[in-house]
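What follows is a short report on a single structure.
In my numbering, the protein residues as written are 732 to 1102.
This is the structure in structure tokens:
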């Protein structure tokens, strides 16, 4: 095998497939990236059995062939090369792959390509197209709210629910809930599945260069979901189980409302959080009144931080505390200049929304304090 290609195109492709390279592989091949050069194209694959990624780039092939190379080192080497093109070669029977660019030359240990677990296309029971910008917005607004531990696997994923031309994505770790709804032009029928948040976050990174008005092809089976766009194919296991009825968590009514500038609130929370990081539950205290919001955090070992944020508060006063991360992350996800907090009492769930849209709903449970 011998081919020459653009260094930048190879780096972009390696950046994508490296996301499915196993960090602690059950078998050495799962730490590798599979390459197959044939004609004018190079196919790259990675597969950790939960996530599989395939990309293709144009190359000039002198000798067709296939090989598997340790992914981490391959990407690091290609990034450091100074030339604009890269030549990679491998001769059957040898134990190394040769990498050359201008005056630089590297060799990496080769692994048997025939044994690499190739990424397979699953039989799809449901297939549809969705605009890139729509899918990315659904993910950006929800995936951050998923659980990060595997104690209850179902909460480590986002629930994607489709009813006709309404698409909803929801995520929760049981302490907070994010729901994003979008309307599309096509009637897609009814579908519901749970996608790992890690897969969706990888998709966001890999699709950064995708045109917002382009479309993503989505194929679903009972256990897998696949995304296809440009020269990239991503397949992932779905999370099995029944997602809880998240609509029931949304407060039916509220008594106290606060309209706040998102940027001002985010800055204040970021500063107060410097102290809250040293508290047991990363707690920040909000006191809502007609004068606005007093935000504070106290650590017996460190000190105290107090900020005042202007806000239009209606319905009365309220003293309530939150996990600082749960507030700072939602503020980063909000679009628009202002947001609205809807509340009832110190330990009741709080409904946070964008001022000019009800498509996005965030519900957060307050923290119980001794104050």
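Where is the CB? At the ideal position from N, CA and C, for every residue including glycine. Everything numeric in this text was worked out from a predicted model, so none of it was measured.
Whole-number beta carbon distance between residue j and residue i, since they are thought to touch under 8 Å
| i | j | result |
| --- | --- | --- |
| residue 1096 | residue 1080 | 5 Å |
| residue 1003 | residue 1036 | 5 Å |
| residue 816 | residue 899 | Residue 816 to residue 899, Cβ: 46 Å. No contact. |
| residue 911 | residue 1090 | 7 Å |
| residue 812 | residue 738 | 6 Å |
| residue 937 | residue 753 | Not really, about 17 Å apart at Cβ, beyond 8 Å. |
| residue 856 | residue 952 | 6 Å |
| residue 1104 | residue 921 | Absent from the model: residue 1104. The displayed extent of the chain is 732 to 1102, so no value can be given. |
| residue 836 | residue 828 | Incorrect: roughly 12 Å between the Cβ atoms, too far for contact. |
Cα-Cα separation, residue i to residue j
| i | j | result |
| --- | --- | --- |
| residue 839 | residue 823 | 14 Å |
| residue 933 | residue 1015 | 31 Å |
| residue 994 | residue 786 | 39 Å |
| residue 874 | residue 826 | 42 Å |
| residue 1025 | residue 1074 | 16 Å |
| residue 846 | residue 760 | 8 Å |
| residue 1017 | residue 878 | 25 Å |
| residue 1008 | residue 907 | 19 Å |
| residue 963 | residue 774 | 10 Å |
| residue 968 | residue 850 | 12 Å |
| residue 947 | residue 930 | 15 Å |
| residue 915 | residue 942 | 18 Å |
| residue 756 | residue 887 | 21 Å |
| residue 809 | residue 803 | 10 Å |
| residue 744 | residue 834 | 23 Å |
| residue 762 | residue 989 | 51 Å |
| residue 880 | residue 1093 | 21 Å |
| residue 1047 | residue 986 | 8 Å |
| residue 1064 | residue 868 | 10 Å |
| residue 862 | residue 876 | 23 Å |
| residue 996 | residue 820 | 55 Å |
| residue 1030 | residue 1062 | 24 Å |
| residue 978 | residue 883 | 20 Å |
| residue 935 | residue 870 | 8 Å |
| residue 923 | residue 974 | 9 Å |
Residue nearest to residue i in terms of C-alpha spacing, selected from the options
| i | options | result |
| --- | --- | --- |
| residue 1060 | 919, 872, 941, 921 | 872 |
| residue 780 | 750, 974, 735 | 750 |
| residue 1028 | 891, 1098, 988, 807 | 1098 |
| residue 958 | 853, 1088, 1032 | 853 |
| residue 901 | 914, 895, 925, 917 | 925 |
| residue 1044 | 1019, 1066, 1031 | 1019 |
| residue 970 | 772, 876, 955, 836 | 955 |
| residue 976 | 945, 951, 1047, 903 | 903 |
| residue 981 | 1084, 841, 742 | 1084 |
| residue 794 | 858, 767, 989 | 767 |
| residue 1010 | 1049, 987, 1056 | 1056 |
| residue 1069 | 1040, 742, 869 | 1040 |
| residue 1076 | 1051, 864, 983 | 1051 |
| residue 769 | 742, 782, 758, 798 | 798 |
| residue 864 | 1087, 940, 784 | 940 |
| residue 772 | 790, 891, 758, 1023 | 790 |
| residue 732 | 983, 776, 818 | 818 |
| residue 848 | 784, 831, 1053 | 784 |
| residue 832 | 966, 741, 979 | 741 |
| residue 944 | 866, 966, 883 | 866 |
| residue 984 | 765, 843, 884, 1072 | 1072 |
| residue 1033 | 1049, 961, 1005, 1012 | 1005 |
| residue 919 | 792, 1021, 949 | 949 |
| residue 913 | 928, 923, 788, 896 | 896 |
| residue 972 | 1023, 885, 1082 | 885 |
| residue 1054 | 1066, 1042, 1078, 1067 | 1078 |
Residue i - containing beta strand (DSSP E), residue span
| i | result |
| --- | --- |
| residue 1063 | Taken as a continuous stretch (DSSP letters only), residue 1063 belongs to no beta strand (DSSP E), being part of the alpha helix (DSSP H) at 1055-1064. |
| residue 970 | Careful: residue 970 lies outside any beta strand (DSSP E) and carries neither H nor E. |
| residue 804 | Unbroken run through residue 804 is the alpha helix (DSSP H), 802-811; no beta strand (DSSP E). |
| residue 743 | Careful: residue 743 lies outside any beta strand (DSSP E), inside the alpha helix (DSSP H) at 738-748. |
| residue 1082 | 1081-1085 |
| residue 959 | 955-960 |
| residue 766 | 763-769 |
| residue 789 | 782-789 |
| residue 826 | Looking at the DSSP string, residue 826 is not in any beta strand (DSSP E), and its letter there is neither H nor E. |
| residue 1070 | 1069-1074 |
| residue 774 | 772-778 |
| residue 879 | Run containing residue 879: none; DSSP gives neither H nor E here. |
| residue 837 | 835-842 |
| residue 853 | Premise fails: residue 853 is in no beta strand (DSSP E) and is neither H nor E. |
| residue 981 | That residue, residue 981, is in no beta strand (DSSP E); it is neither H nor E in DSSP. |
| residue 753 | No beta strand (DSSP E) holds residue 753; DSSP gives it neither H nor E. |
| residue 1091 | 1091-1095 |
| residue 1045 | 1042-1045 |
Range of the contiguous alpha helix (DSSP H) that encloses residue i
| i | result |
| --- | --- |
| residue 870 | 863-871 |
Interface flag, residue i vs chain D, CB-CB below 8 Å
| i | result |
| --- | --- |
| residue 907 | As a matter of chain content, chain D is missing from the structure shown, which is built from one protein chain. |
TODO: Taking only runs that begin and end inside the stretch 991-1037, name each unbroken beta strand (DSSP E) of 3 or more residues, in chain order.
DONE: 1014-1020, 1023-1030
Task: 4-residue-minimum alpha helix (DSSP H) runs that sit fully inside the stretch 890-951, ordered along the chain - done: 928-937
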